[in-house]
Ligand SMILES: [Zn+2]
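Chains as they are written, first to last, in this note's numbering: chain Z, 1 to 151; chain Y, 1001 to 1165.
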């Protein structure tokens, strides 16, 4: 029992170390705050790791996709609760003012450097749909940056 | 017939290179997600169309700015604090306790309800025991009153008081 628990502990430790950087960056970009980003990532890890049987059966890419989806969901919820969308005039505020789905694809694409195919597997939409969403998102963010006089 | 087909082909090609067809492809073109065929069409259109050139330039500037901003850092640390790591690992290795802990509010309410219910049932039991009527077989009493015979069902105290009269 104890050795099994130790094994699970080591697995969790390894997963956290591997993905925490990317997830913190992602949540930080949505939330614009280090401590809120940590809240979001902690909650996301607990939500995903909680279902350990399901989690152990996932491939590396599937696990990353699941973590990205969950941290996005948690971060958007926190942002809504903190009413972050309406505040700030910096560059990231323009991203924060986008629809959650647009935020998700633009962060994964421009800020995380993912390909359309990778984004498609993370967000669970077809590549064509991702491309359309990206176009809409980039157009919107360009408009907002121009309006804010940042471009 | 042949010239008609050529005309319609020209019309299709013309339509293909209209701005509204090109613009949705601009970002994919910029991030090299388009196949060579479609990329060539966009490139050719961009060469001639001032409007789309301006749009592409603006989009590129926005993308560069976002890129630069994200490189400067999102303000979040690179690692979770030790405390948070421990919490996650503990939740992973103790799923049931962690679930109870996470839903502590519901558990508190359920716990409080159980306590209230137990106290209420126990006091009800005590009260019922304290004020319960005495158990016994009803007896039949015959009272002779002015020559009439009445049948009374009651306890022996009444009988005594009637006797004394
Ligand atoms: Zn054009």
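All C-beta atoms in this analysis are idealised placements derived from N, C-alpha and C, irrespective of residue type, glycine included.
Note that the structure is predicted; figures quoted are calculated from it, not measured.
* For ligand 1, which residues count as neighbours when the test is a C-beta closer than 6 Å to any heavy atom? -> Y:1019, Y:1022, Y:1045, Y:1049, Y:1051, Y:1052
* Asked: If we count the other Cβ atoms within 10 Å of its Cβ and call it buried at 16 or more, is residue 25 of chain Z buried or exposed?
  -> By the neighbour-count criterion, in which a residue is buried when 16 or more other Cβ atoms sit within 10 angstroms of its Cβ, residue 25 of chain Z is buried.
* Beta carbon of residue 1058 of chain Y nearer than 8 Å to that of residue 151 of chain Z -> yes
* For the putative contact between residue 141 of chain Z and residue 130 of chain Z, defined by C-beta atoms under 8 Å, what is the C-beta separation to the nearest angstrom? -> About 16 Å; that fails the 8 Å criterion.
* Asked: First and last residue of the alpha helix (DSSP H) that includes residue 66 of chain Z?
  -> 60 to 82
* So what's residue 1072 of chain Y in DSSP terms, helix, strand or just coil? -> Residue 1072 of chain Y: coil per DSSP, three-state reduction.
* Straight-line gap, residue 36 of chain Z to residue 139 of chain Z (C-alpha atoms, nearest Å) -> 28 Å
* Pull up the CB-CB distance for residue 1026 of chain Y and residue 42 of chain Z, whole angstroms please, since I reckon it's below 8 Å. => Actually they are not in contact, since the Cβ atoms of residue 1026 of chain Y and residue 42 of chain Z sit about 39 Å apart, beyond 8 Å.
* To do: Residues of the region 1049 to 1068 of chain Y with a CB closer than 9 Å to any CB of chain Z: list them in chain order, please.
  => If the cut-off is 9 Å between Cβ atoms, the region 1049 to 1068 of chain Y has 1055, 1058, 1059, 1061, 1062, 1063, 1065, 1066, 1067, 1068 near chain Z.
* Asked: Helix or strand or just coil, what does DSSP make of residue 1077 of chain Y?
  -> Assignment of residue 1077 of chain Y by DSSP, reduced to helix, strand and coil, places it in the coil class.
* To do: Identify whether residue 1130 of chain Y lies in helix, strand or coil by the three-state DSSP scheme.
  => helix
* Any idea if residue 70 of chain Z is buried or exposed, counting beta-carbon neighbours within 10 angstroms, 16 or more meaning buried? -> buried
* **Pairwise C-alpha distance: residue 120 of chain Z and residue 126 of chain Z** => 6 Å
* To do: Give a yes or no on whether 8 Å exceeds the smallest Cβ distance from residue 52 of chain Z to chain Y.
  => Interface residue, yes.
* To do: Keeping to the same chain, check which residues put their C-beta closer than 8 Å to that of residue 1042 of chain Y; ignore five residues upstream and five downstream.
  => The answer, listed in chain order, is 1022, 1025, 1026, 1029, 1034.
* **Contact under 8 Å by Cβ, residue 1069 of chain Y with residue 92 of chain Z** => yes
* **residue 1066 of chain Y burial status per 10 Å Cβ neighbour count (16 or more: buried)** => buried
* Taking Cβ-Cβ distances below 9 Å as the criterion, which residues of the region 33 to 44 of chain Z are in contact with chain Y? -> 33, 34, 35, 36, 37, 38, 39, 41, 42
* chain Y contacts from the region 1 to 29 of chain Z (Cβ-Cβ distance under 7 Å) -> 5, 8, 9, 12, 13, 16, 20, 21, 24, 25, 27, 28, 29
* Near residue 145 of chain Z, what residues of its chain come up, given a Cβ to Cβ distance below 6 Å and the 5 sequence neighbours on each side ignored? -> Cβ neighbours of residue 145 of chain Z beyond the five flanking positions: 94, 151.
* Are there three or more Cβ pairs, one per stretch, closer than 8 Å when the region 43 to 58 of chain Z is compared with the region 104 to 114 of chain Z? -> no
* To do: Note down, in chain order, every chain Y residue with its Cβ under 8 Å from the Cβ of residue 150 of chain Z.
  => Against residue 150 of chain Z, the close residues of chain Y are 1065, in the order they occur along the chain (beta-carbon pairs closer than 8 Å).
* For residue 74 of chain Z, I'd like the list of residues in its chain whose CB is within less than 6 Å of its CB, leaving aside the five on either flank, ordered along the chain. => Contacts found: 40, 43, 44.
* Identify each residue in the region 116 to 132 of chain Z for which the Cβ-Cβ distance to at least one residue of chain Y is less than 8 Å, and report them in chain order. => 116, 131, 132
* If we cut at 8 Å on Cβ distances, does residue 1091 of chain Y have a partner in chain Z? -> yes
* Asked: So is residue 1088 of chain Y in contact with chain Z if we call contact Cβ pairs under 8 Å?
  -> yes
* My understanding is that residue 46 of chain Z touches residue 79 of chain Z, with C-beta atoms under 8 Å, so please give their C-beta distance in whole angstroms. => A Cβ-Cβ separation of about 19 Å leaves residue 46 of chain Z out of contact with residue 79 of chain Z under the 8 Å criterion.
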